[in-house]
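Asker: In the working numbering, the protein residues as written are 1 to 420.
Yeah, the Cβ is synthetic: ideal placement off N, Cα and C, and Gly gets one too.
Structure incoming, see below.
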Amino acid sequence: MDNSPARGTRDLLPATVAVRDHVLARITEVYHRYGYQRIETPAIEDIARLTGGQGGENEKLIFKILRRGLTELPESVDELADLGLRFDLTVPLTRFYGNNHATLPTPFRSFQFGPVWRAERPQKDRYRQFNQCDIDLIGEESVLAEAELIEATTEALAAAGLPGTTVRLSDRRFLSALAEGAGVAPEAQGSFFITLDKLDKIGWDGVRKELTERAGFSEAQADGVQTAITALQGLDPAKLADQLTDAVPTLPEDVAQDLAATTTALAELATSRELGWEFDPTLVRGMGYYTGQIFEISHPGTSSSVAGGGRYDKLIGRSLGKDVPACGFSIGFERIVNLLDDAPRTDAVAVLHEADVAPAQVLAVARQLRAEGRQVTAIKRRGKFGAQLGRLEEWGYTSFVHVKADTVADERVLGSRESG
């Protein structure tokens, strides 16, 4: 039988997991300092929730789970499944909050880390199972939420080993006003957002083609959208609110003021850390549940974003029956890990024992070292001594203690002249 993992998935070796553990530990440390509390939700959700129209293109990539106990085939293929694997952590979070809000503080700061699944075509650095790392602030209606999420996430990325990031900021309400000014009907704005979100991949020619051939736009409307957005690139951050209001007269004043408040916070933050930021009128974010400000973080090491999120004030209300302000940020955990070198070496000691040494003696030596707070592993002596030491160093050990039946040698550092 083929022992390869399922297509689109992968096995992770200890050295790789060590890097991931290091990154997660640094991120977790930062988020805890900001008061975000770790929660967990099931990998499985009701299919009706996952296909509720808020997941954008990801709803086409759901791994569906067949109903149990079917005795005959239903008339519709859709009726074969009643559950599915989650494609992100935000949709499950809204169910979690609806189920537990009575016992949660307000506002509630949530931190999640776990696997999600999407039935994508496997390709380099793109898997069907991968981990997401999210923080969300539920119950805070002001842009304090956006500013804090951005500050916490950029700090977490720097702690993990990715300083020098750039924050890109926009607002779904701004995009709606822009679309309205270009003559896009409200019912067509959803498809407009989805198409504009592909700009980085297909360029303006591709966007115009999709708008006219699939979304029912006229050539004049498509050209008008491109002209309006292009004119808004490179705005002066210090005069952002006034410039947006002048460029998009239908933009509500509170939207412009919210963006100005967030950019003011970003400008102040950038004076104290290595951080860039910009207003990006082409930024859309693919999820259909965003209702306000949206943001992404980029890094010079990759052409893709390393984090993204936004405000979703209407999503929780779909299950709770009343709207609750909410804003979240998701770190691209897999991309971050791929950008980093090996994790810092930790103090790992190998208790290298001969075959005739009694187990009690081996364990006593290891126990004494562990009492010092060190990572210790007992390993039997095999083959050529020097070759085995080389393997230990490759496996991440920093030193060893050679235990014989009658003696315990002093600890030696691997890779040193002495150990050779």
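Buried or exposed for Ser-110, going by 16 or more other Cβ atoms inside 10 Å?
Answerer: buried
Asker: How would you call Gly-84, buried or exposed, if buried means at least 16 neighbouring beta carbons within 10 angstroms?
Answerer: buried
Asker: Classify Ser-76 as buried or exposed, calling it buried when 16 or more other Cβ atoms lie within 10 Å of its own Cβ.
Answerer: exposed
Asker: According to DSSP, what are the bridge partners of Pro-115?
Answerer: Asn-131
Asker: Classify Trp-395 as helix, strand or coil using the three-state DSSP reduction.
Answerer: coil
Asker: Does DSSP classify Asp-223 as helix, strand or coil?
Answerer: helix
Asker: Mind checking Val-17: buried by the 16 CB within 10 Å criterion, or exposed?
Answerer: exposed
Asker: Can you find the residues in the same chain that come closer than 6 Å, C-beta to C-beta, to Val-8, ignoring five residues on each side of it along the sequence?
Answerer: The amino acid occupying residue 8 in the given sequence is Gly; Val does not appear at that position. Excluding its 5 nearest sequence neighbours in each direction, Gly-8 has C-beta neighbours in its own chain below 6 Å: Pro-122, Tyr-127, Arg-128, listed in chain order.
Asker: Starting from His-402, follow its DSSP beta bridges and name the residues at the other end.
Answerer: Leu-352
Asker: Taking Tyr-34 as the reference, which of Gly-234, Arg-95, Glu-151, Asp-410 has the closest Cα?
Answerer: Glu-151
Asker: As a quick exercise: from Leu-12, Val-116, Arg-10, pick the residue whose alpha carbon is nearest that of Glu-59.
Answerer: Val-116
Asker: Closer than 8 Å, CB to CB, is Ala-119 near chain C or not?
Answerer: Of the protein chains in the structure, only one exists, and it is not chain C.
Asker: What does the Cβ neighbour count give for Thr-346, buried or exposed, with the cut at 16 atoms within 10 Å?
Answerer: exposed
Asker: For Gly-292 and Ala-326, what's the separation of their Cα atoms in angstroms?
Answerer: 10 Å
Asker: Evaluate Thr-407 with the Cβ neighbour count: other Cβ atoms within 10 Å of its Cβ, from every protein chain shown; 16 or more gives buried, anything less gives exposed.
Answerer: exposed
Asker: Could you name the residues that DSSP lists as bridge partners for Phe-295?
Answerer: Leu-169, Gly-309
Asker: Leaving out five residues on either side along the sequence, give the residues of the same chain with a beta carbon under 8 Å from the beta carbon of Phe-87.
Answerer: Cβ contact annotation for Phe-87 (same chain, cutoff 8 Å, sequence separation greater than five): Leu-50, Gly-55, Asn-58, Glu-59, Leu-61, Ile-62, Val-116, Trp-117, Arg-118, in chain order.
Asker: Starting from Gln-314, trace the beta strand (DSSP E) both ways and give me its first and last residue.
Answerer: One detail in the question is off: residue 314 reads as Lys in this sequence, not Gln. Per DSSP, Lys-314 is not a residue of any beta strand (DSSP E), being assigned neither H nor E.
Asker: Where does Gly-276 sit, in a helix, a strand or coil, going by DSSP?
Answerer: strand
Asker: Within 10 angstroms of its Cβ, does Glu-418 collect 16 or more other Cβ (buried), or is it exposed?
Answerer: Any reading at Glu-418 needs caution, since the residue's pLDDT is 46, under 50, leaving its predicted position unreliable; the model's value is listed next. Answer is exposed; the Cβ neighbour count stays below 16.
Asker: Based on Cα-Cα distance, which residue from Phe-400, Gly-139, Thr-377 lies nearest to Phe-385?
Answerer: Phe-400
Asker: Taking 6 Å as the limit between beta carbons, can you name the residues of its chain near Ser-298, skipping five residues before and five after?
Answerer: Thr-166, Ser-305
Asker: Might you give, ordered along the chain, the residues of its own chain that have their beta carbon closer than 6 Å to the beta carbon of Glu-411, omitting 5 neighbours on each side?
Answerer: Ser-399, Val-401
Asker: Please tell me whether Arg-374 and Val-349 are closer than 8 Å, where the distance is taken between their beta carbons.
Answerer: yes
Asker: Whole alpha helix (DSSP H) runs in the segment 13-38 with 4 or more residues, listed along the chain?
Answerer: 14-33
Asker: Excluding sequence positions up to five away, which residues of its chain have a Cβ less than 7 Å from the Cβ of Asp-313?
Answerer: Thr-291, Gly-292, Asp-323, Pro-325, Ala-326
Asker: Put Thr-230 into one of helix, strand or coil per three-state DSSP.
Answerer: helix
Asker: By DSSP's criteria, Asp-46 is part of a beta bridge. Which residues make up the other side?
Answerer: Leu-83
Asker: Quick one: is Gln-132 buried, meaning 16 or more other Cβ sit within 10 Å of its Cβ, or exposed?
Answerer: Gln-132 is buried by the Cβ-count criterion.
Asker: Taking just the CA atoms, how far does Glu-141 sit from Leu-275?
Answerer: 26 Å
Asker: Provide the residue span of the beta strand (DSSP E) that contains Val-376, from first to last.
Answerer: 375-380
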